[in-house]
Ligand SMILES: Cc1cc2nc3c(=O)[nH]c(=O)nc-3n(C[C@H](O)[C@H](O)[C@H](O)COP(=O)(O)OP(=O)(O)OC[C@H]3O[C@@H](n4cnc5c(N)ncnc54)[C@H](O)[C@@H]3O)c2cc1C
């Protein structure tokens, strides 16, 4: 693994913007009358309604997995998988995850390309209380899919200590790429970086709110071509962990994590299929 | 009748407020419980099962109670860490079933329950015979998930013991510690939640460090964790630094502490991001689920554990089957012996009430988990739980944790309380007194 020094990089949002721009706006809840009409959990969240933009999502071919009961809301394993050929003309373009009971419902937005090979993504998230978690996937053909999962949280995640991250900023990026992945078989990639993911909601020892400081973007390219990208919100656990896939082809994988301060750290790894 | 109802509530409140070994020890038989006898079968004679059998008979001596437990002598997990540390003899954690048989008239069958037919209300025993029940209590404890950690099957546990069920595994781990070279590394791999005894791995490494400090001071202890935090973390870490200097190193999930592969022949483990660690002694505390008989009864859910109705501990999936102890989903109550004992009393009361067609009074539970960091150095965490909005929750402002800045005298007294707790709960559960 080669670790390049943290560098400041300019605005490279273009890849993400088309999907994520939709998420950034809007109040949290619908007004009372429409709330009464809402039949499904996702219809109760403004951000999800805007994302769906009037389309009727399908609830098949998508799976959202979290434990039924979590004893620690500060780090709950979450994975989403979507049935998709991940071919050039039919692939999952984005997967958005929401926590209906968190102070801010957005958890993460993932952008995929056919180069990912498989629409399976996993991370660890903060859940403030027992709630419904929602995943929405959009395919390149414009189809929307949605899955929900009710999770019982016995110890709240958002206001508690931030795991054990003693990291101040971007620290210790780790990547695991299988040594000789089989061509034609999407390879599973793991990444982890030490970072406090300060929510901005937590008080420090002096009683003052600790300012928000998060890793807001993670990008993966294979020889310059986008493979996978994640936009992260405060509800991603300290020390962001991400699992996703890449279709093996010889080349250089470049991973980058960007903080909301603009600070970036990069790692490169060679992909060397069998 | 009204008189009795208030009385019952009062008594149950008392039970709830303390979870209490002592309070219950002096609690007589409720006068209303004579009606509605029946046959209750209890599977498992550990903390939950032995307590359930005894308290069913105490609440209604007219009940016929059969306890199914393969072993004639039960070794508790609590205090096996002290055995590993050299603070106790192994036999001191052994208990038998004489009180249940002789004093309470429980029919104790030393065999395994092989199958359960919930529709027919029958339990099939090891010899193929069947028992019919009106109500069934399961307290089978945990099962290791032998397929959850690459390289860690039953054979591997003969080389890299879990010692998470007391018995041969505990003795094996002790022998390995004694055979380890001075300067070797003891590695413990700790699982993600939920698992039996949340503070257990941390007490385990404390006691191992005590043994090593005394006998093999150049050795190291490496704790590879699948979590970013753990029970009584601050207290443990303070204690480790104070007593053992830098002998114990804890590697969290986010520092690549999660073990994903075990090579038991080479005593080597590999973590998620590809780090390999070589052990002198390798103690793998693997992922767990409810004891297998719970699957046969159809009471487990996709998590592998048993969801229960909080007020009674009856299965949410199969009626007339009550499940207590580690096998259940009862968070935020921890999977502890103390909790299994307290849950068993509530289930026993629920069964006696339901057979007598009485309403079950509201219950609550208490727990204290003591841990020993070194001889004369104890810490604890306590909580009181009740049913709130249909779910188990910790009573706000209840319980607490040992202070971080306590003096040595305080720590010494907590270590003494731990022994008092152990003697009391074993007496309450099996009727055995310390030798
Ligand atoms: C190292 C360690 C330290 C611990 N320290 C503490 C502590 O200090 N305090 C504390 O409160 N808790 C402690 N615990 C936790 C405690 O051991 C458990 O929470 C407790 O044993 C749970 O009780 P149970 O009845 O659910 O299961 P168990 O006590 O394990 O009993 C289960 C019984 O069921 C029997 N059984 C299983 N299947 C069948 C079948 N099919 N037929 C018949 N019988 C069957 C088994 O033989 C066993 O005897 C510790 C645990 C460990 C591992």
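Chains as they are written, first to last, in our numbering: chain A, 1 to 274; chain B, 1001 to 1435. Glycine included, each C-beta is placed from N, C-alpha and C at the ideal position.
- Closer than 9 Å to the CB of residue 139 (chain A) there is not a single CB belonging to chain B.
- Counting every other CB atom within 10 Å of its CB across the protein chains shown gives residue 174 (chain A) a total of 16 or more, marking it as buried.
- Taking 7 Å as the cut-off between beta carbons, the residues of the segment 1267-1294 of chain B near chain A are 1272, 1273, 1274, in sequence order.
- The beta-carbon separation of residue 1283 (chain B) and residue 1188 (chain B), rounded to 5 Å, stays under the 8 Å limit for a contact.
- Taking 8 Å as the cut-off, one finds at least one heavy atom of ligand 1 near enough to the beta carbon of residue 1337 (chain B).
- Put simply, the segment 204-219 of chain A touches the segment 228-240 of chain A. At least three CB pairs are less than 8 Å apart.
- Looking at the DSSP output, residue 99 (chain A) bridges to A:133.
- Assignment of residue 1179 (chain B) by DSSP, reduced to helix, strand and coil, places it in the helix class.
- Contact between residue 1056 (chain B) and residue 1348 (chain B) holds: CB atoms are separated by about 5 Å, below the 8 Å threshold.
- In the DSSP assignment, residue 1104 (chain B) falls outside any beta strand (DSSP E), carrying neither H nor E.
- Separation of residue 1288 (chain B) and residue 1305 (chain B) (C-alpha to C-alpha, rounded to the nearest whole angstrom) is 9 Å.
- The residue from B:1278, B:1180, B:1199, B:1222 with its alpha-carbon nearest to that of residue 1382 (chain B) is B:1199.
- Shown here for residue 1345 (chain B): same chain residues with a beta carbon closer than 6 Å to its own, the five before and five after excluded, namely 1055 in chain order.
- Taking 8 Å as the cut-off, the C-beta of residue 1047 (chain B) counts as close to a heavy atom of ligand 1.
- For residue 82 (chain A), the enclosing beta strand (DSSP E) has its first and last residue at 76-82.
- Below the 9 Å Cβ cutoff, chain A contributes 69, 70, 71, 152, 154, 155 as neighbours of residue 1331 (chain B), in chain order.
- Remark: the C-beta of residue 1213 (chain B) is outside contact range of ligand 1, defined as less than 8 Å to any heavy atom.
- Taking all protein chains shown into account, residue 209 (chain A) has fewer than 16 neighbouring C-beta atoms within 10 Å of its C-beta and is therefore exposed.
- For residue 1251 (chain B), the uninterrupted beta strand (DSSP E) run begins and ends at 1248-1251, by DSSP.
- A check of alpha carbon separations from residue 1071 (chain B) across B:1426, B:1050, B:1420 identifies B:1050 as the nearest.
- Here residue 1396 (chain B) carries a coil assignment [DSSP, helix/strand/coil].
- Annotated three-state conformation of residue 1343 (chain B) is helix, per DSSP.
- Residue side-chain check: residue 1139 (chain B) places its Cβ nearer than 8 Å to a non-hydrogen atom of ligand 1.
- In summary, the residues of the segment 1173-1207 of chain B whose CB is separated from some CB of chain A by less than 9 Å are 1192, 1193, 1194, 1198, in the order they occur in the chain.
- Contact between residue 155 (chain A) and residue 1332 (chain B) is confirmed by a C-beta separation of about 7 Å, below the 8 Å threshold.
- Apart from sequence neighbours up to five positions away, the residues of its chain that approach residue 1247 (chain B) with a beta-carbon distance below 8 Å are 1209, 1212, 1213, 1219, 1220, 1221, 1240, ordered along the chain.
- Contact between the segment 55-64 of chain A and the segment 136-150 of chain A is present: 3 or more CB-CB pairs across the two stretches fall below 8 Å.
- DSSP places residue 1186 (chain B) outside any alpha helix (DSSP H); the residue lies instead in the beta strand (DSSP E), whose first and last residues are 1185-1190.
- Taking C-beta atoms under 8 Å as the contact rule, residue 183 (chain A) and residue 245 (chain A) fail to qualify, at a distance of about 14 Å.
- Among the residues facing chain B, residue 233 (chain A) is not included, as its CB has no counterpart in that chain under 9 Å away.
- Beta-bridge pairing by DSSP links residue 1268 (chain B) to B:1263, B:1278.
- Here DSSP, grouped into helix, strand and coil, assigns residue 1427 (chain B) to helix.
- Chain order gives no chain B residues near residue 187 (chain A), where near means a beta carbon separation below 8 Å; the closest approach is about 14 Å.
- A direct Cα-to-Cα measurement between residue 104 (chain A) and residue 142 (chain A) gives close to 26 Å.
- For residue 257 (chain A), the enclosing beta strand (DSSP E) starts and ends at 251-259.
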